[in-house]
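Enquirer: Can you keep this structure in mind? I'll have questions shortly.
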Amino acid sequence: IVYSKNEHETGDEWVIMQMMYSDNYVRQDGRWYFQRRLPLYWYATDLNKPPIGPAKMRWPDTQPVEGNFHKLFPSFDEFWARSGDHGGPVAEPAPLEKFLETMQRGHQPPKVQVRATEQP
231 IVYSKNEHET
241 GDEWVIMQMM
251 YSDNYVRQDG
261 RWYFQRRLPL
271 YWYATDLNKP
281 PIGPAKMRWP
291 DTQPVEGNFH
301 KLFPSFDEFW
311 ARSGDHGGPV
321 AEPAPLEKFL
331 ETMQRGHQPP
341 KVQVRATEQP
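Per my numbering, the sequence shown starts with residue 231, numbered consecutively.
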């Protein structure tokens, strides 16, 4: 997992973006290469328009869409779906060498929309 904080000058707006990459690497002949790079977006919005509420991918001149960073981790939806008192017992931490697998709950990586589409 690699986190990325980006800033884009897009016409008269300054778009800030938070995302992460889920990377898989392979070693060939003593060198490391990307086997797969999965970009997962949390939000993109004008600097002066905080991404409050749903559909946090808000590029200029496009319809807002939901980001996809949480689709890699079903544990995200489990956390936000809780109800009632949250002061109860906390689950045991995942072993370090199994952290990502534990957070992914055995799910395959999602299909992602890499680029927002422009409005007609």
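In this text, a Cβ means the ideal position worked out from N, Cα and C, and glycines have one as well.
Do L270 and N298 come within 8 Å of each other at the CB atom, strictly closer than that value?
Expert: The residue you call residue 298 lines up with position 68 of the sequence shown. The residue you call residue 270 lines up with position 40 of the sequence shown. Against a cut-off of 8 Å, the Cβ pair of L270 and N298 comes out as a contact.
Enquirer: If you count every other CB in all the chains shown that lies within 10 Å of the CB of L302, and 16 or more means buried, which is it?
Expert: Locating residue 302 in the sequence shown gives position 72, counting from the first residue. Buried: at least 16 other Cβ atoms inside 10 Å.
Enquirer: Between which residues of its own chain and P333 is the CB-CB distance below 6 Å, once the five residues before and five after are set aside?
Expert: The residue you call residue 333 lines up with position 103 of the sequence shown. Position check: residue 333 holds Met in this sequence, whereas Pro was assumed. Counting only Cβ-Cβ distances below 6 Å, and skipping sequence neighbours, we find F303 and S305.
Enquirer: Exposed or buried, which one is P325 when buried takes at least 16 other CB atoms within 10 Å?
Expert: The residue labelled residue 325 in the question sits at position 95 within the sequence shown. By the 10 Å Cβ count, P325 comes out exposed.
Enquirer: Return the CA-CA distance between V342 and P294, expressed in angstroms with no decimal places.
Expert: Mapped onto the sequence shown, residue 342 falls at position 112. Mapped onto the sequence shown, residue 294 falls at position 64. So the two alpha carbons sit approximately 15 Å from each other.
Enquirer: Counting pairs of beta carbons, one from the stretch 261 to 278 and one from the stretch 312 to 330, are three or more of them closer than 8 Å?
Expert: Short answer: they don't touch.
Enquirer: Per DSSP, W310 is paired with what?
Expert: Residue 310 sits at position 80 when you count from the first residue of the sequence shown. Its beta-bridge partners do not exist; DSSP assigns none.
Enquirer: In chain order, what residues of the same chain have a beta carbon less than 7 Å from the beta carbon of A285, not counting five sequence neighbours either side?
Expert: Your numbering for residue 285 matches position 55 in the sequence shown. Same-chain partners within the cutoff: P294, V295 and E296.
Enquirer: Look at the Cβ atom of Y273, then the Cβ atom of M250, and state whether they are nearer than 8 Å.
Expert: The sequence position of residue 273 within the sequence shown is 43, counting from 1. The sequence position of residue 250 within the sequence shown is 20, counting from 1. Result no, Cβ atoms of Y273 and M250 do not sit closer than 8 Å.
Enquirer: Bridge partners for M250 per DSSP, in chain order?
Expert: On the sequence shown, position 20 is the one that residue 250 refers to. Note: M250 sits in a beta bridge opposite Y233 and L270.
Enquirer: For H316 and Q265, I'd like the C-alpha separation in whole angstroms.
Expert: For the purposes of this step, residue 316 is taken as the residue at position 86 of the sequence shown. For the purposes of this step, residue 265 is taken as the residue at position 35 of the sequence shown. For H316 and Q265, the distance between alpha carbons rounds to 40 Å.
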